[in-house]
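Novice:
Number of protein chains: 4
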Amino acid sequence: MAAAKLKIGVAGLGRMGKRHALNFFQSVPRADLVAVSTPDAQEREWAKEQLAPSGVAIYENYDDLLRHQGLEAVCVASATAVHADQAIAAINAGKHVLCEKPLATTPEVSQTVVDAAARRPELKVMCGFSRRFDESYRDAYAKVQAGLIGRPSVFRSQTCDMLDPSGFFVAYAQFSGGIFVDCSIHDIDLALWYFGEDGDSKVRSVSAVGITAVEPDLAKYNDRDNALGLVEFADGRIVNLYCSRMMAAGQEDTTEIIGTKGKLGVNTQPTANLVRIHEAGGIRQEVPQTYWDRFKKAFATEAVEFTDCCLNDTPVPVKLQTAVAAVRIGAALQESMISGRKIYFDGNGGRADEPRS
Amino acid sequence: MAAAKLKIGVAGLGRMGKRHALNFFQSVPRADLVAVSTPDAQEREWAKEQLAPSGVAIYENYDDLLRHQGLEAVCVASATAVHADQAIAAINAGKHVLCEKPLATTPEVSQTVVDAAARRPELKVMCGFSRRFDESYRDAYAKVQAGLIGRPSVFRSQTCDMLDPSGFFVAYAQFSGGIFVDCSIHDIDLALWYFGEDGDSKVRSVSAVGITAVEPDLAKYNDRDNALGLVEFADGRIVNLYCSRMMAAGQEDTTEIIGTKGKLGVNTQPTANLVRIHEAGGIRQEVPQTYWDRFKKAFATEAVEFTDCCLNDTPVPVKLQTAVAAVRIGAALQESMISGRKIYFDGNGGRADEPRS
Amino acid sequence: MAAAKLKIGVAGLGRMGKRHALNFFQSVPRADLVAVSTPDAQEREWAKEQLAPSGVAIYENYDDLLRHQGLEAVCVASATAVHADQAIAAINAGKHVLCEKPLATTPEVSQTVVDAAARRPELKVMCGFSRRFDESYRDAYAKVQAGLIGRPSVFRSQTCDMLDPSGFFVAYAQFSGGIFVDCSIHDIDLALWYFGEDGDSKVRSVSAVGITAVEPDLAKYNDRDNALGLVEFADGRIVNLYCSRMMAAGQEDTTEIIGTKGKLGVNTQPTANLVRIHEAGGIRQEVPQTYWDRFKKAFATEAVEFTDCCLNDTPVPVKLQTAVAAVRIGAALQESMISGRKIYFDGNGGRADEPRS
Amino acid sequence: MAAAKLKIGVAGLGRMGKRHALNFFQSVPRADLVAVSTPDAQEREWAKEQLAPSGVAIYENYDDLLRHQGLEAVCVASATAVHADQAIAAINAGKHVLCEKPLATTPEVSQTVVDAAARRPELKVMCGFSRRFDESYRDAYAKVQAGLIGRPSVFRSQTCDMLDPSGFFVAYAQFSGGIFVDCSIHDIDLALWYFGEDGDSKVRSVSAVGITAVEPDLAKYNDRDNALGLVEFADGRIVNLYCSRMMAAGQEDTTEIIGTKGKLGVNTQPTANLVRIHEAGGIRQEVPQTYWDRFKKAFATEAVEFTDCCLNDTPVPVKLQTAVAAVRIGAALQESMISGRKIYFDGNGGRADEPRS
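Residue numbers (UniProt numbering), protein chains in the order written: chain Y, 1 to 357; chain P, 1 to 357; chain G, 1 to 357; chain D, 1 to 357.
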């Protein structure tokens, strides 16, 4: 007697979509990948070779995916611009939803997903903040919860990609919401998590600066390739973000959580594995080349746990409201970086002209 | 249309047996755990709770397991003393076999498994040297193969367990073959692998020394809690082994492969994950507490790949003859440690009285 | 025939003054410590025991020190409030000067030292930015100069002291100029050095935030115990500073210089020495407990090289104007942190109301 | 009133001799380098340029050095073959002696130095085991003494030089006593120190193996370029040595002291300084290129402390008898490596034919 499995479909088969599809296909024992959809003919060709032989249905239109017989859940892994629409359509069709980050590039649109989900409380709707499922970040979180570092007060975190000499990310910048929304969103989510602000952040101010050190063309899309940000919370905590698309060694995503009694570092000396190479020039450790290399195990855990939540009817581990708060902060940092001005908040989610005393 | 799955049974549900059973149960999509066997009533009770609800059959007798309808493969995870008998019985019954290390505590008995397997070349028979499936050891192997360090010439490796204050390992020493056969066998297998001696080692001499630093009672079973060994190969390569049951920090299994042009270190600064704890006293990194903590992912890969070999009819990645060579070396080191004498080989697998010139 | 030695006096025998005095006394073969001065009776008592037996003169008044027969150079290591006055008096008296950082807590007063020095070009006048004499920072600088990381574009650096539970730094905050002027001044100097802006920085804006996580009383002196700052340079480079008085493990002064082709980290995993302690709980490395522990060798090198410059009539390795630029940036960061406002510069050293486009 | 200084001469101005001479010349405030001697004309030329201008006398003959007016101490840094003779001549002439390691390549000749010193107890005679003056080794020693790791029981240590492609060490092997006497002597001395066996070691057995992986010509001088050794002590402690002349990255001298309650590692991940280079290929740390690079600070401390002992009439920190014990062990390891046989001791310093029970 086989246990029940979650019938899931994946929308979008771009870089991340393929990975999500393969994850549900191979690495989630309790999930049954039954269908995928993508408007891109080449991506459908890939699916025909990789997935169709095992009976996975392939659709051009997302609406057809939603109508797939017996479908219970959808993983939205399409372009950011349609995340919110597709998530809301799935919710309205009564499907559980795992939506890639960010929900949208503005907090207002992101909020519409939360509102839709609120109308269907029986559904599981989660934004895929993959880092929350990484075992090192979880170990650090458990240590914070256990009081090991006292009150976490300063949070410093970076998402730094290896330089892609193809310049792919320039074109991508038009739609990504900018480097703070695309990259630092992960660090912002972590800050909200570690600071216990899930779903309810009280930001006082943000400020940011950025440069185009290697890709001047980013400027025309109001983006930068290296940026630094500061976020102040009303309860006396501060956040420092760094995002970059210029790393030479690989993906360097590091985090420090500094408390009144100690500090935790996560991946502060990035490493791909336990091998050290002693050679002319010294001792070398390799670094994961991509975000996926660093977090592929976390993505698998995310898929497994989302599936478990749907099947067991338990709450998802990431509050959906947090995904809105993270976009609000990320978008404000992006605005501050471009305008050159510090942005103040009034404590009720609105803007203020002046610092609050 | 679901793909074919390998129907597998697990023999023995002790510490390692439970882990193997759960691995095949949960983490190997192409395997179907259909049955388990153990003479121990408590272990069967565990299986009734954990496995029976999903339809896994539970047997007291190993022979009944072998007769289970449709069984195609067996994982032998019982006490070392019965490894060889159970593996041979399974082979004779026409089952693929994954046998926990060592095949036996003597090379002669180990060879009987190889001989049995040779009579059934259509079966997959593999000794489970888990470290070969660890991604860091594999990365190091690929780098050696790529010529990164020139000719690997000196191999230094250790298997050092955290001190178990219960003294469990004293009683265990009666049956384990001793610390070199129980612990260093992994390092010996790695040396044979990295030196390209798989299945065909040409050892010139071994010598070893040991002490009982924390557990004097080990002496009565001709065992030690800390031991060092040297192995000389006929082609001018040397091996240095360290095994211990006395570590304070955790499982410290480290390896260095030293070649004419460079050196590779694997896990030379043991670490459980990417978290660093800054606290009074300094910066601390946690260490895996057990062999399982360190290698659980490798065990899962081992199970997945063994399953693939059976289903796809491809060669297993570890030559069975190597498992005999490793026991021969380990047993000779144990003998040298106890007798205090260096042991010489004649180049044809036999002993010699003198060093060969 | 003994070589000529530099006759030097040390003003101030507080914590740092004692160290400077002992350095010149013991570790600078070409220097002759001939006199010290301090208004503090206890400090003079210390000098009577430690220095007087070897013939070092002890003065209560700084002016008497300056009049000491044959004195050629002065090390100003007194309270920050009198740095500038004492340095100028020494210059006017025709003495070479090594002045502890900062020259003063405002750029205006700092500039008066530069002006005084400009009138006596034959004298060596240097602000003691000790980190420039550390061998790791120097190695990193040489690598930057050699082009190893392309154009240095992002500079991240921190000066983080171990928590002093005595609260000494609260009283100290009244006179220190604040945490950015007292601590981050080192990081700012390094940024100017690595960015090639020595003596001539073109800052566009600064912004900062801070909190009192462990010492609320700091607020009454307009200071904080943890602060983060951003500095934008006109030529498209950015700086990120972190300063703290709350570290649990020890002095954590780390720096990252990020260029278009690579990155250099200095002390990113702080360590006191090469010892690693394997114990229950994991593997631990100790961290220097104080700034002095971390940089004592650099202070000795600073003293040796300053002495050599005086005796050999060669230029000092740190431009004096840089010390003013560093105070200007540090004081602006402190102001921004307290006011909550971002501060803009007009490109000519003056303030602006708006970001420059 | 200047303090008294120790008038010292240096014998031998080869690689190490030059360093010792410069050390006493520049870095030892209480020493006065008054004379040097060397039979080598080129080395005397070097001394004429570097030392003579400051009044250091230069001799061709060692006997003339000993007759230098007012000479109080000698640093013997000549070829190993004349260490003992020169040390004894200095002792007989009433000079304090700092002798480079080893005293000689045989224990018998080494003992003659101890005997000569015993007849002149008022003189300070020390063998320069530089590692004892390294701050990390000292920190580890203090921790052992404080009981941090329980009873030190297993000692693993290596002296591994970077490959010198000139093959210099082949010719050198004729006179060095072999790799165990030349390189591992340091590790043996450390083992005796940490195990509390200073001057009085009770070895049960030694065994060793070696290969010529990169320099086959070494075989003709009965030497090897990579060797491993085991040493057993009568009180249940064991030592594992590794020495090599083949490292690619640099000087890799690492040590582990393993006790019943913990373990200390010294330099287990060798590093030249605190800089980390992030570049294509990963993160790299440089390694000291030579023994001198790694230990130059220890050599300076050694010179300072030896000078202090002579001037203050305090005991030298390294027992002279230990230097004999270290040579005895090193020479036996070398013999075992070449003969292929394990060597047993009878507990009274003599050899035995059989292992003692």
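Even glycine gets a Cβ: it sits at the ideal position worked out from N, Cα and C.
#1: Grab me the residues of residue 183 of chain D's own chain with a C-beta within less than 6 Å of its C-beta, minus the 5 sequence neighbours each way, in chain order.
#2: Going by the C-beta, is residue 13 of chain P closer than 8 Å to any heavy atom of the ligand GTP?
#3: Step through the CB atoms of chain P and report whether any lies within less than 9 Å of the CB of residue 111 of chain G.
#4: Kindly confirm or deny that the region 277-289 of chain G and the region 245-263 of chain D touch, where touching means at least three C-beta pairs closer than 8 Å.
#5: By alpha-carbon positions, which one of P/254, P/232 and P/106 ends up nearest to residue 340 of chain D?
#6: So which residues of chain Y does residue 347 of chain G contact, with C-beta pairs closer than 7 Å?
#7: Return the residues of the region 260-284 of chain Y that lie within a Cβ-Cβ distance of less than 7 Å from chain G, sorted by chain order.
#8: Can you have a look at residue 102 of chain Y and say buried or exposed, based on whether 16 or more other CB atoms are within 10 angstroms of its CB?
#9: At a Cβ cut of 8 Å, what residues of the region 114-148 of chain Y count as close to chain P, listed as they run along the chain?
#10: Hey, is residue 27 of chain P's beta-carbon within less than 9 Å of any beta-carbon in chain Y?
#11: Please check the pair residue 345 of chain P and residue 203 of chain P, which I expect to be a contact at CB under 8 Å, by giving their CB distance rounded to whole angstroms.
#12: Quick check: the region 346-355 of chain Y against the region 114-131 of chain Y, are there 3 or more CB pairs under 8 Å?
#13: On a CA-only basis, which of D/267, D/208, D/197 and D/147 is nearest residue 326 of chain D? Give me that one, please.
#14: Does any C-beta atom of chain G lie closer than 9 Å to the C-beta of residue 247 of chain Y?
#15: List, in chain order, every chain P residue whose beta-carbon is nearer than 9 Å to that of residue 302 of chain G.
#16: Quick check: residue 77 of chain P and residue 10 of chain P, are their CB atoms within less than 9 Å of each other?
#17: Give the range of the alpha helix (DSSP H) segment to which residue 65 of chain P is assigned.
#18: Are there 16 or more other CB atoms within 10 angstroms of the CB of residue 215 of chain Y, so buried, or fewer, so exposed?
#19: To the nearest angstrom, how far is it from the Cα of residue 54 of chain Y to the Cα of residue 35 of chain Y?
#20: Per DSSP, what kind of secondary structure is residue 149 of chain P in: helix, strand or coil?
#21: If you draw a straight line from the C-alpha of residue 148 of chain Y to the C-alpha of residue 142 of chain Y, how long is it?
#22: Tell me the start and end of each unbroken alpha helix (DSSP H) in the region 20-97 of chain G that is at least 4 residues and wholly inside, in chain order.
#23: To which residues of the same chain is residue 79 of chain G closer than 8 Å at the C-beta, ignoring the five residues directly before and after it?
#24: With distance defined between alpha-carbon atoms, name the residue in D/308, D/342 and D/134 nearest to residue 267 of chain D.
#25: Can you tell me whether residue 166 of chain P is buried or exposed, with buried defined as 16 or more other CB within 10 angstroms of its CB?
#26: Our contact map puts residue 194 of chain P next to residue 154 of chain P with C-beta atoms below 8 Å; I'd like the distance itself, whole angstroms only.
#27: Leaving out five residues before and five after residue 189 of chain D in sequence, what residues of the same chain have Cβ atoms less than 6 Å from its Cβ?
#28: Check whether the Cβ of residue 288 of chain Y lies closer than 9 Å to any Cβ atom in chain G.
#29: As an exercise, report each continuous alpha helix (DSSP H) stretch of at least 4 residues that is fully enclosed by the region 91-179 of chain G, in chain order.
#30: Going by DSSP, what residues sit across from residue 344 of chain P in a beta bridge?
#31: Could you give the residue range of the beta strand (DSSP E) that holds residue 240 of chain D?
#32: Restricting to Cα atoms, I'd like to know which of P/7, P/246 and P/312 is closest to residue 32 of chain P.
#33: Once you ignore the five residues that flank residue 43 of chain G on each side, which residues in its own chain have a CB closer than 6 Å to its CB?
#34: Less than 6 Å between C-beta atoms, sequence neighbours within five positions excluded: which residues of the same chain meet that for residue 271 of chain Y?
#35: Between residue 300 of chain P and the rest of its own chain, which residues show a CB-CB distance below 7 Å, the 5 nearest in sequence each way excluded?
Specialist: Once the coordinates are examined:
#1: 159 and 243
#2: No copy of the ligand GTP occurs in the structure displayed, which carries no ligand at all.
#3: no
#4: yes
#5: P/232
#6: What residue 347 of chain G touches in chain Y: nothing, since even the nearest Cβ is about 14 Å away.
#7: 260, 261, 262, 263, 268 and 269
#8: buried
#9: 135, 136, 139, 140, 143 and 148
#10: yes
#11: 5 Å
#12: no
#13: D/197
#14: yes
#15: Chain P residues near residue 302 of chain G: none, gap ~27 Å exceeds 9 Å.
#16: yes
#17: 62-66
#18: buried
#19: 11 Å
#20: coil
#21: 9 Å
#22: 41-50, 62-66 and 80-92
#23: 12, 14 and 175
#24: D/134
#25: exposed
#26: About 11 Å; that fails the 8 Å criterion.
#27: 129 and 326
#28: no
#29: 107-118, 135-145 and 168-176
#30: P/205 and P/352
#31: 237-247
#32: P/7
#33: 13
#34: 285
#35: 23 and 27
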